[in-house]
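**Student:** In this note's numbering, the protein residues as written are 54 to 439.
Virtual Cβ for every residue (Gly too), placed ideally from N, Cα, C.
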Amino acid sequence: GEWSAPSGGDWALHRGGAVFLEGVRNTRIHECTFKRLDGNAVFLSRFARDVVIEKNRFEWLGESAVATWGETNGYDAVSVVDQPRGTIIQENVMRELGVWQKQSAAFQSAKAAQSTVRNNVMMNMPRAAINLNDNMGGGDVIAGNMLFNTCRESGDHGPINSWDRQPFLTTIGDPHGQIASFDPKPRVITGNFIFANYGGSQGVDNDDGSSWFNITSNVFYAAEGFKMDYGGHDSVFSDNLIMAFPYDGQQCVTFGDFKVGHGHAVTGNKCVVGLGGRFMGSGCGDPTCAGSTDTPSNLERVVALAECDAEGTVALANNAYYTPANNATFVCYDSQVGAMSLADMQARYELELGSTHSPTPSFDVLLEWAAGMLRKQQGPAASLVA
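1. Taking 8 Å as the cut-off, does the region 273–283 touch the region 253–263 (at least 3 CB pairs, one atom from each stretch)?
2. Determine the burial state of lysine 312: buried for a count of at least 16 other Cβ atoms within 10 Å of its Cβ, exposed for fewer.
3. Whose C-alpha, out of Ala130, Gly123, Ala166 and Val174, is nearest the C-alpha of methionine 147?
4. Output the distance between the C-alpha atoms of glutamate 364 and tryptophan 265, rounded to the nearest integer angstrom.
5. By Cβ distance, which residues of its chain are closer than 7 Å to threonine 366, with the 5 residues on each side in sequence left out?
6. Report the three-state DSSP secondary structure of glycine 425 (helix, strand or coil).
7. Buried or exposed for glutamate 116, please, with buried defined as at least 16 other CB atoms from any protein chain shown within 10 angstroms of its CB.
8. Only counting the same chain, and skipping five residues up and downstream in sequence, which positions put a Cβ closer than 7 Å to that of tryptophan 122?
9. Check for me: the beta strand (DSSP E) holding methionine 175 runs from which residue to which?
10. Using 10 angstroms around the beta-carbon of tyrosine 402, count the other beta-carbons present and answer buried if the total reaches 16, otherwise exposed.
11. Since valine 326 contacts leucine 294 with CB under 8 Å, what's their CB separation in whole angstroms?
12. Is it right to say tyrosine 251 is buried, meaning 16 or more other beta carbons lie within 10 angstroms of its own, or is it exposed?
13. Just how far apart, CA to CA, sit threonine 409 and leucine 395?
14. Threonine 125: buried (16+ other C-beta within 10 angstroms of its C-beta) or exposed?
15. Considering only the alpha carbon of each residue, which of Asn93, Ala130, Lys88 and Glu84 lies closest to lysine 108?
16. Is the CB-CB distance between tyrosine 128 and leucine 200 below 7 Å?
17. Could you pull the start and end residues of the alpha helix (DSSP H) that methionine 398 belongs to?
18. Taking 7 Å as the limit between beta carbons, can you name the residues of its chain near asparagine 79, skipping five residues before and five after?
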């Protein structure tokens with residue numbers, strides 16, 4: 054089969070699978086078992102519309118459980134519409150993946166749009182559970198999933214990983230589907246229970262230009278918070294619970310610089326740093342590393358921004374930060390001030406208005422917060438606290 058780099062992300066992909074769908078509409082794969090296959094289980098190639106993949110078991114696969122790979126004319130996805138769109142992946146169990154090909158995932162998306170990934174359990178794989186190799190058109194919804202034991206053989210990654218280095222022209226971002234634009238419809242990631250253990254870092258690792266994400270009401274454990282690097286913009290991170298253990302120094306919020314008017318918004322989150330008071334660098338890959346290094350010196354630092362002076366660049370407000378010594382600090386790299394208190398951040402830059410800091414709560418309190426959020430969901434994580 055064909056091997057190539059499908060778009061602007063890091064991953065190469067094999068165009069092939071045990072079930073190979075191309076030129077199809079309204080196809081349903083239901084209550085099947087895909088076990089001990091050397092390659093991909095289900096592959097959606099080029100034109101595929103409204104495929105439903107539900108209530109299946111995927112286990113011990115050489116590559117990915119479900120992969121999509123469309124075609125464009127360079128950046129043009131208007132004149133060429135040979136892409137998977139409207140795919141629904143729901144209520145599946147996906148585990149022990151990537152036995153041979155380590156750049157594998159439970160769901161791998163390349164040049165595809167408007168996919169819904171909901172109420173799945175994804176675990177035990179070498180790299181991300183969900184890999185978004187680009188943001189062609191957007192409109193994806195990732196909701197109610199439970200992800201853990203990802204990145205077991207790699208680092209500098211997350212259970213959900215994204216890249217957005219290559220813009221695409223589509224009409225998907227227009228509510229009426231008429232006007233072509235390089236602006237995609239925002240992706241929504243909501244109501245998931247995500248462990249970023251092993252070599253993971255953030256629960257959602259928005260890498261290299263990742264933009265137009267709405268990440269809300271998720272529970273992230275063993276995870277850092279929200280990051281932006283290399284030109285990402287126009288995303289929202291709100292009402293999430295982040296429990297950073299062990300700590301790898303990337304804090305609750307870590308941003309590079311934005312163009313004015315295109316910064317991220319971070320509001321209404323709870324971020325707990327210093328659970329257990331141990332350090333583990335991204336890519337360790339072995340849980341025992343969490344107990345091998347002394348408590349880091351910057352455990353109280355919760356936010357690091359490349360710039361704070363640019364008016365309208367970022368919006369941070371109404372967040373709650375929790376640290377062992379109740380001494381949350383903030384860093385602006387465009388400032389000569391050094392580490393600042395929350396009061397300094399509010400007075401100097403009018404950022405984090407309405408935000409608070411408090412001592413690290415007990416595990417009983419954390420469990421109640423997480424359970425309260427998960428009870429509102431309908432996915433597999435909700436059954437843990439029913």
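**Tutor:** With the given structure in hand:
1. When Cβ pairs closer than 8 Å are counted between the two stretches, the region 253–263 is seen to touch the region 273–283, the count reaching three or more.
2. Translated into positions along the sequence shown, residue 312 becomes position 259. Burial call: exposed.
3. By 1-based counting over the sequence shown, the position of residue 147 is 94. The shortest C-alpha separation from methionine 147 is found at Val174.
4. Residue mapping note: residue 364 aligns to position 311 of the sequence shown, counting from 1. Residue mapping note: residue 265 aligns to position 212 of the sequence shown, counting from 1. If you take the alpha carbons of glutamate 364 and tryptophan 265, they lie about 20 Å apart.
5. Along the sequence shown, one-based indexing puts residue 366 at 313. Closer than 7 Å at the Cβ level, and outside the excluded window around threonine 366, lie Phe311, Val313, Gly316 and Glu360.
6. Sequence index remark: in the sequence shown, residue 425 carries index 372 (1-based). Here glycine 425 sits in helix by DSSP.
7. Along the sequence shown, read from residue 1 onward, the residue named residue 116 stands at position 63. Buried is the call here.
8. For the purposes of this step, residue 122 is identified with residue 69 of the sequence shown, where counting begins at 1. The beta carbon of tryptophan 122 is closer than 7 Å to those of Pro59, Leu66, Arg68, Ser98, Ala163 and Lys164 in its chain, skipping five residues each way along the sequence.
9. Start at 1 with the first residue of the sequence shown, and residue 175 comes out as number 122. Annotation: the continuous beta strand (DSSP E) that includes methionine 175 extends over 174–176.
10. Translated into the one-based positions of the sequence shown, residue 402 becomes position 349. Under this definition tyrosine 402 is a buried residue.
11. Here the question's residue 326 lines up with position 273 in the sequence shown. Here the question's residue 294 lines up with position 241 in the sequence shown. Valine 326 to leucine 294, Cβ: 13 Å. No contact.
12. By 1-based counting over the sequence shown, the position of residue 251 is 198. Classification of tyrosine 251: buried, given that the 10 Å Cβ count is 16 or more.
13. Counting from 1 along the sequence shown, the entry for residue 409 is found at position 356. Counting from 1 along the sequence shown, the entry for residue 395 is found at position 342. Separation of threonine 409 and leucine 395 (C-alpha to C-alpha, rounded to the nearest whole angstrom) is 8 Å.
14. On the sequence shown, residue 125 is found 72 positions in, with the first residue counted as 1. Classification for threonine 125: buried.
15. Reading the sequence shown from its first residue, position 55 is the one you call residue 108. Of the listed residues, the one whose Cα sits closest to lysine 108 is Glu84.
16. Taking the sequence shown and counting its residues from 1, one reaches residue 128 at position 75. Taking the sequence shown and counting its residues from 1, one reaches residue 200 at position 147. Going by C-beta atoms, tyrosine 128 is not nearer than 7 Å to leucine 200.
17. In the sequence shown, counting from the first residue as 1, residue 398 sits at position 345. Residues 395–402.
18. Residue numbering aside, residue 79 sits at position 26 when the sequence shown is read from its first letter. Contacts found: Asp103.
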